[in-house]
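Taken in sequence, the protein lines are chains A and B. Adding 1180 to a residue's 1-based position in the first sequence gives its number in my numbering. Adding 5 to a residue's 1-based position in the second sequence gives its number in my numbering. Here a beta-carbon is modelled for each residue, glycine too, at the ideal position from N, C-alpha and C. The structure under discussion appears below in the form of structure tokens.
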Amino acid sequence: MNPKNHRERLVVVGSLLLVGASLAAQAQTPPPGRLLASNCFQCHGTNGKGPGFDKLAGKSANEIYKDLKEFQSGKEGTGLMAKHSMGYTDAQMRQLSQWLSTQR
Amino acid sequence: MDRRYFLAAVTAAAAASATSVLADDDRKTSKPTSAATPAGTVVKARVIVIGGGMAGATVAKYLRLWGDAVEVTLIERMPTYTSNIMSSLVLTGQRTMSSLSFKYDALRSKYGVTVVFGDVVAVDPITAKVTLADKTVLTADRIVMAPGIEFDTVPGLGTSDKMPHAWKAGTQTTLLANQLKAMRSGQNMVLTIPLAPYRCPPGPYERACLIADWLKTHKPGSKLIVLDANPDFVTEKDNFTNAFLGLHGSVIEYHNNAGVQSVDPANMTVYAAGGLTVTGAVVNMIPRQRAGGLIAATGLNNATKLAGDTAFRFAGVDVLSYASTQPGAGKVHIIGDSSATTQPKAGHIANQEAKVCADAISRILAGGSPDPAPVTNSACFSTITATQASWLHAIFQYDSVSHSMLSVAAATGASAGWDKDSFEDMNKWFGALMTDSFA
């Protein structure tokens, strides 16, 4: 087992313990990234499911993150999304992409 | 008293203008959509939302979408919402009023929001009680106020409808559209822009562009005189300068620092700062604005004064949760155009303020704290002609030093010019935004 896998497994075990310890509190704490991702909903629909511009639900976190990075790099032109992608930190983009990937 | 009876009582009271008082122990546990849950099991927190515009509808929807731990009652005067966004296109005959009309049915049926049509006459911010015109009293754990804006009195205007603002879409919009239609070619129109802050910063300028374009083909020889109380274009300066002075230069006559001092509707005359006197066959008089009357009536107006003001215009809020900054009134949250923040007063960002507020209230009611680093965004399109539009965008990040939302410079700005693609995007954006807010 390499150190990275080991760390991931520890994180999973830790999370399970947390869930077991306080199920009610867990249920009431909003999932990370949800509020950030809700900035997408005005144009891409509630939970990224449309109607509106491209559907975001159903995409992987990597796809969404990569798309945002391409908008940010200017490869996709100088449209509104290029401007929008400049507003988030890298960590925020990863977090909102991760949450959107849970939407099917 | 079970939930059904409680709702029936509210409805009956509203219908008969009878008196009905709901005490704290009337709180019930079942979802408004389902009476199956036995009473007395889990007491849900109760949130009352006052005002069913962009901010109010969105916060009601998201409070329910993001958790079943909260009962939400939305109180609104009108059975349907008329969108201000896109309403200038009614003036040029490109849109109908019915295309701007949105109902509250989905909030009820999809999300279980209790919608009460009524007029709130008093809010007690300390005990979180709301009194309706029919004397019904509702209690809550939290109150969200989203009453929008109210207009200042214009000296000389009185109750005349000869100079409509058409800045709250509805009968005023139809009135102005009819006046424009009836105007003879060669006659002039006057449009006045109030001192900022007002609802929809680019709105008056985009309306001027759209009408100027329309005048060219429908009323040849007519001019549009724009009296701007502000020293310069309030926003999107490059596009509006190019449109006012270039594209529409033959039609628009622009005066800055020209705030309206008084009007004479009998002679269709406007007296502005600097001794400027103008007349028009049509006058679109957009007055200065302040928070919806309920904010001042509740004592929550504690921010924003313009020169000469004796009272504050808008409600100061903590932008982590939109809770009032008025001492003791922390159970009341104010979102949308009534609140005083660094963010623009506009529908798209009101929708995002509502989501931040809903998330914060859900966390607070569960014993937690609001997200310490909220992000909001503003986006809109401006009609520069009947078929072409520009866009304007900003992202705001919370700044823990100033306790305010700061715009991210790289993400703030407008399109370089205008085109047909953006006009099409505008229609798509409007559909998406309204669905995210009302359906």
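From residue i to residue j, what does the alpha carbon distance come to, in whole angstroms?
i: Gly191 (chain B); j: Gln294 (chain B); result: 32 Å
i: Ile369 (chain B); j: Leu305 (chain B); result: 21 Å
i: Val231 (chain B); j: Tyr210 (chain B); result: 9 Å
i: Gly285 (chain B); j: Pro379 (chain B); result: 46 Å
i: Asp237 (chain B); j: Asp243 (chain B); result: 11 Å
i: Lys439 (chain B); j: Gly280 (chain B); result: Lys is not the amino acid found at residue 439 (chain B); the sequence shown has Met there. If you take the alpha carbons of Met439 (chain B) and Gly280 (chain B), they lie about 43 Å apart.
i: Ala62 (chain B); j: Ile80 (chain B); result: 10 Å
i: Leu162 (chain B); j: Ala171 (chain B); result: 15 Å
i: Asp1234 (chain A); j: Thr309 (chain B); result: 39 Å
i: Ser367 (chain B); j: Leu70 (chain B); result: 11 Å
i: Cys385 (chain B); j: Ser93 (chain B); result: 14 Å
i: Asn432 (chain B); j: Tyr259 (chain B); result: 29 Å
i: Ser104 (chain B); j: Gly373 (chain B); result: 41 Å
i: Thr97 (chain B); j: Met188 (chain B); result: 13 Å
i: Asp269 (chain B); j: Ala277 (chain B); result: 12 Å
i: Ala1217 (chain A); j: Pro375 (chain B); result: 16 Å
i: Gly208 (chain B); j: Val324 (chain B); result: 24 Å
i: Thr274 (chain B); j: Asn261 (chain B); result: 18 Å
Among residues of its own chain, excluding the 5 on either side of residue i, which ones have a beta-carbon nearer than 7 Å to its beta-carbon?
i: Cys362 (chain B); result: Val64, Val149, Ser326, Tyr327, His338 and Ile340
i: Gly153 (chain B); result: Gly56, Gly58, Gly297, Gly341, Asp342 and Ser343
i: Ile257 (chain B); result: Ala213, Ala217, Leu229, Val231 and Phe249
i: Gly175 (chain B); result: Thr87
i: Gln357 (chain B); result: Thr381 and Asn382
i: Leu220 (chain B); result: Ser227, Leu229 and Val256
Name the chain A residues whose beta carbon is nearer than 7 Å to that of residue i?
i: Trp434 (chain B); result: Cys1223
i: Trp396 (chain B); result: Leu1260
i: Gly373 (chain B); result: Thr1209
i: Asp441 (chain B); result: Phe1221, Gln1222, Gly1225 and Thr1226
i: Trp423 (chain B); result: Result: empty, since nearest Cβ-Cβ is about 13 Å, beyond 7 Å.
i: His353 (chain B); result: Gln1222
i: Trp71 (chain B); result: Pro1210
Evaluate residue i with the Cβ neighbour count: other Cβ atoms within 10 Å of its Cβ, from every protein chain shown; 16 or more gives buried, anything less gives exposed.
i: Pro225 (chain B); result: exposed
i: Glu429 (chain B); result: exposed
i: Asn183 (chain B); result: exposed
i: Ala138 (chain B); result: exposed
i: Ile131 (chain B); result: exposed
i: Gly1257 (chain A); result: exposed
i: Ala133 (chain B); result: buried
i: Ala271 (chain B); result: exposed
i: Ser1277 (chain A); result: buried
i: Thr315 (chain B); result: exposed
i: His408 (chain B); result: exposed
i: Val406 (chain B); result: exposed
i: Ala345 (chain B); result: buried
i: Pro377 (chain B); result: exposed
i: Lys350 (chain B); result: buried
i: Met83 (chain B); result: exposed
Give me, in chain order, the residues of the same chain whose beta-carbon lies closer than 6 Å to that of residue i; leave out the 5 immediate sequence neighbours on both sides.
i: Ala248 (chain B); result: Cys214 and Ile389
i: Asn307 (chain B); result: Phe317, Gly321 and Gln331
i: Gly436 (chain B); result: none
i: Ser412 (chain B); result: Ala399 and Phe401
i: Gly352 (chain B); result: Met59 and Ile90
i: Tyr203 (chain B); result: Gln294
Please compile the residues from chain B whose C-beta is within a distance smaller than 9 Å of the C-beta of residue i.
i: Asn1219 (chain A); result: Gln357, Lys360, Val380, Thr381, Asn382 and Ile400
i: Gln1283 (chain A); result: None at all; the shortest Cβ gap to chain B is about 13 Å.
i: Phe1233 (chain A); result: Asp430, Lys433, Trp434 and Ala437
If contacts are defined as beta-carbon pairs under 8 Å, then residue i and residue j qualify, I think. What distance do you get, rounded to the angstrom?
i: His1224 (chain A); j: Ala416 (chain B); result: With a Cβ gap of about 17 Å, His1224 (chain A) and Ala416 (chain B) do not count as contacting.
i: Leu1248 (chain A); j: Trp396 (chain B); result: That belief does not hold up - the Cβ atoms of Leu1248 (chain A) and Trp396 (chain B) are roughly 18 Å apart, past 8 Å.
i: Ser1240 (chain A); j: Ser1281 (chain A); result: 5 Å
i: Thr78 (chain B); j: Ser106 (chain B); result: Actually they are not in contact, since the Cβ atoms of Thr78 (chain B) and Ser106 (chain B) sit about 23 Å apart, beyond 8 Å.
i: Val265 (chain B); j: Ala234 (chain B); result: 7 Å
i: Val54 (chain B); j: Val75 (chain B); result: Not really, about 11 Å apart at Cβ, beyond 8 Å.
i: Asn289 (chain B); j: Leu181 (chain B); result: 6 Å
i: Val120 (chain B); j: Leu299 (chain B); result: Not really, about 18 Å apart at Cβ, beyond 8 Å.
i: Thr2 (chain B); j: Pro206 (chain B); result: With chain B covering 6 to 444 only, the question about residue 2 (chain B) has no answer from this structure.
i: Arg1214 (chain A); j: Tyr1245 (chain A); result: Incorrect: roughly 16 Å between the Cβ atoms, too far for contact.
i: Thr178 (chain B); j: Val95 (chain B); result: 5 Å
i: Leu200 (chain B); j: Leu311 (chain B); result: 6 Å
In chain order, what residues of the same chain have a beta carbon less than 8 Å from the beta carbon of residue i, not counting five sequence neighbours either side?
i: Gln1283 (chain A); result: Asn1227, Gly1228, Lys1229, Leu1236, Ala1237 and Gly1238
i: Cys1220 (chain A); result: Gly1228, Leu1236, Leu1276 and Leu1280
i: Gly333 (chain B); result: Pro130 and Ile131
For a contact meaning CB atoms closer than 8 Å, what does residue i contact in chain B?
i: Leu1248 (chain A); result: Correct list: empty, because the minimum Cβ distance to chain B is about 12 Å.
i: Met1266 (chain A); result: Ile400, Val413, Ala415 and Ala416
i: Gln1272 (chain A); result: Val380
Find the residues of chain B that neighbour residue i, judging by a C-beta separation of less than 7 Å, and give them in chain order.
i: Leu1215 (chain A); result: Lys360, Val361, Asp364, Asp376 and Pro379
i: Lys1263 (chain A); result: His398, Ala416 and Gly418
Using the beta-carbon of each residue, which ones in chain A are nearer than 9 Å to residue i?
i: Trp219 (chain B); result: Chain A residues near Trp219 (chain B): none, gap ~26 Å exceeds 9 Å.
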